[in-house]
Amino acid sequence: MGSVLAAASPTPAPAPAGGQGVPGLVSVPPGFTMPPVSSVTPGSESDQQKADADSPLQNPGTYEECHRKCKEIFPMQMEGVRLVVNKGLSNHFQVSHTITLSTLGDSGYRFGSTYVGSKQTGPAESFPVIVGDLDNTGSLNAQVIHQLTNAVRSKIAMQTQQHKFVNWQCDFEYRGQDFTSAVTLGNPDVLVGSGIMVAHYLQSITPALVLGGELVYHRRPGEEGTVTSLLGRYTGDNFVATLTLGGAGAHATYYHKANDQLQVGVEFEASTRMQDTTTSFGYQLDVPKANLLFKGKYKGLQFSPPVTLIVKERNKKHVFYVCLPFLTL
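Heads up, the sequence shown is in UniProt numbering, so the first residue is 1 and it goes up one at a time.
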C-alpha cells in the first residue's frame with residue numbers, strides 16, 4: 001500500500017509531547033498544538049556557558065523522538081473526507097472542530113481544546129498544558145502536561161469510551177545535561193494486580209551518537225512478562241539513522257535531507273510475534289513558490305497509492321483543512 005499527500009505548505013508544527021507512546025497506553029490526541037520539547041531550561045546565560053564548557057554533550061531528547069524524524073515524512077493514512085477548523089481564542093486557549101466522513105471507517109464530529117499556561121520555561125514553551133478531545137459519542141481523550149522543575153516534567157493522560165474508562169497513564173521524565181530518563185505507569189490496578197510500567201533511558205555518547213534502552217513490564221491475572229530493547233541513533237549533517245533491537249523485534253529508520261525542498265525516509269519493521277517484516281519508503285517535497293507540500297509513502301512491493309489532496313485556507317483567526325481522496329492509481 002502507499003499514499004501520496006498534497007497540501008498547502010504549513011507552518012512548522014510543534015512536536016507532540018510524549019511521542020508515539022507504548023501500545024495500549026494513551027497517545028497524544030491528533031490535531032492539537034503542543035509545546036516543542038526542549039532540553040533542560042538553563043537558569044541563566046552564565047550558568048549555561050559554564051555547563052557547556054563542562055559538558056559538551058547535549059541532551060539526547062526523549063526515547064519516543066528517536067524515530068520521529070523519519071516518521072514525520074510519511075503522510076497520515078485516511079479514507080474519506082475530513083474538515084478541520086482551528087480557532088485561537090487567546091494567546092493561551094484554542095479550540096478545534098473536526099468533521100470526518102468515510103464509507104469505510106466511522107464518520108463523526110470531534111471537538112478539541114488546548115490550554116497553555118503562563119509559566120514560560122523556554123523561548124517557545126509554557127506550562128501547564130491541558131489538551132482535551134471529545135467526539136459525538138461522548139468518548140474523551142485528555143492530557144495534562146506540567147514542568148515541575150527545570151529538569152522534571154510530568155504528564156497525566158486518560159481516555160474514556162462513552163461512559164467507561166479505557167486507559168490512563170502517568171509519566172515522569174528527568175532531563176540531565178547529556179541524558180534523559182523516564183518512567184511511565186499505565187492502567188495500574190492494585191486490587192486486580194494489573195498494569196504496565198515502561199522505563200526509558202537515553203545517553204549521549206558523542207555529539208552524534210546516542211545509546212539507550214527500554215524496559216516494558218506488564219502484569220495481569222494469569223500473565224506477567226517483560227520486554228527489553230536497545231536503541232542507537234546516529235545523527236549526521238543531513239541524515240539521522242536509528243535502530244531499535246529487542247525481544248519484540250526490530251525497528252530501523254533512516255532520514256535523509258537531500259536539499260531544502262526534498263526529504264526522504266526509509267522504515268523497516270520486523271515483529272517476532274507476527275512473524276512478518278515491513279519496509280516503507282516515504283518522501284516530502286516542498287514547493288515554496290506554489291505554497292504546496294507533497295508527501296508520499298510506498299509500503300512493501302505494492303504500488304497502489306491513493307492520492308490525497310489537502311486544501312488549507314488561512315486567515316488571522318481561523319485555519320481550515322479539507323482532505324479529499326480523489327485518485328487511485
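Glycine included, C-beta positions come from ideal geometry on N, C-alpha and C.
Just so it is clear, the structure is predicted and the values come from calculations on it, not from any experiment.
Nearest-angstrom beta carbon gap, residue 139 and residue 162 [assumed within contact, 8 angstroms]: Within the sequence shown, the letter at position 162 stands for residue 162. Within the sequence shown, the letter at position 139 stands for residue 139. Confirmed, Cβ separation roughly 6 angstroms.
Alpha-carbon to alpha-carbon, residue 176 and residue 99: Within the sequence shown, residue 99 is the residue found at index 99, counting from 1. Within the sequence shown, residue 176 is the residue found at index 176, counting from 1. Taking the straight line joining both Cα atoms gives about 42 angstroms.
Where the alpha helix (DSSP H) containing residue 70 begins and where it ends: Locating residue 70 in the sequence shown gives position 70, counting from the first residue. Element bounds for residue 70: 68-71.
Three-state secondary structure assigned by DSSP to residue 258: On the sequence shown, position 258 is the one that residue 258 refers to. Coil, per DSSP.
Separation of residue 63 from residue 252, as counted between CA atoms: The residue given as residue 252 occupies position 252 in the sequence shown. The residue given as residue 63 occupies position 63 in the sequence shown. Rounded to the nearest angstrom, the two C-alpha atoms are 14 angstroms apart.
Endpoints, the beta strand (DSSP E) within which residue 196 is located: By one-based count along the sequence shown, residue 196 stands at place 196. 194-204 is the extent of the beta strand (DSSP E) around residue 196.
Residues sharing a beta bridge with residue 176, DSSP: As a working mapping, residue 176 is identified with position 176 in the sequence shown. Answer is none; residue 176 lacks a bridge partner.
Reduced DSSP secondary structure (H/G/I, E/B, other) of residue 288: The count along the sequence shown starts at 1 and reaches residue 288 at position 288. In this structure, residue 288 counts as helix in the three-state DSSP scheme.
Of the listed residues 256, 277, 122, nearest to residue 237 (C-alpha basis): The residue labelled residue 237 in the question sits at position 237 within the sequence shown. Checking every option, the nearest Cα to that of residue 237 belongs to 256.
Residue of 272, 86, 280, 213 minimising C-alpha distance to residue 71: Translated into the one-based positions of the sequence shown, residue 71 becomes position 71. Checking every option, the nearest Cα to that of residue 71 belongs to 280.
Closest by C-alpha distance to residue 276, when choosing among 291, 248, 266, 288: Here residue 276 refers to the residue found at position 276 of the sequence shown. Comparing Cα positions, the closest option is 248.
Span separating the alpha-carbon of residue 289 from that of residue 239: Counting from 1 along the sequence shown, the entry for residue 289 is found at position 289. Counting from 1 along the sequence shown, the entry for residue 239 is found at position 239. Our two residues, residue 289 and residue 239, have alpha carbons roughly 25 angstroms apart in a direct line.
Where residue 65 falls: helix, strand or coil (DSSP): Taking the first residue of the sequence shown as position 1, residue 65 is located at position 65. Residue 65 falls in the helix class under three-state DSSP.
Inter-residue Cα distance where the pair is residue 121 and residue 113: As a working mapping, residue 121 is identified with position 121 in the sequence shown. As a working mapping, residue 113 is identified with position 113 in the sequence shown. Approximately 22 angstroms between the Cα atoms of the pair.
Simplified DSSP assignment, three categories, for residue 275: Here residue 275 is taken as the residue at index 275 of the sequence shown, counted from 1. In this structure, residue 275 counts as coil in the three-state DSSP scheme.
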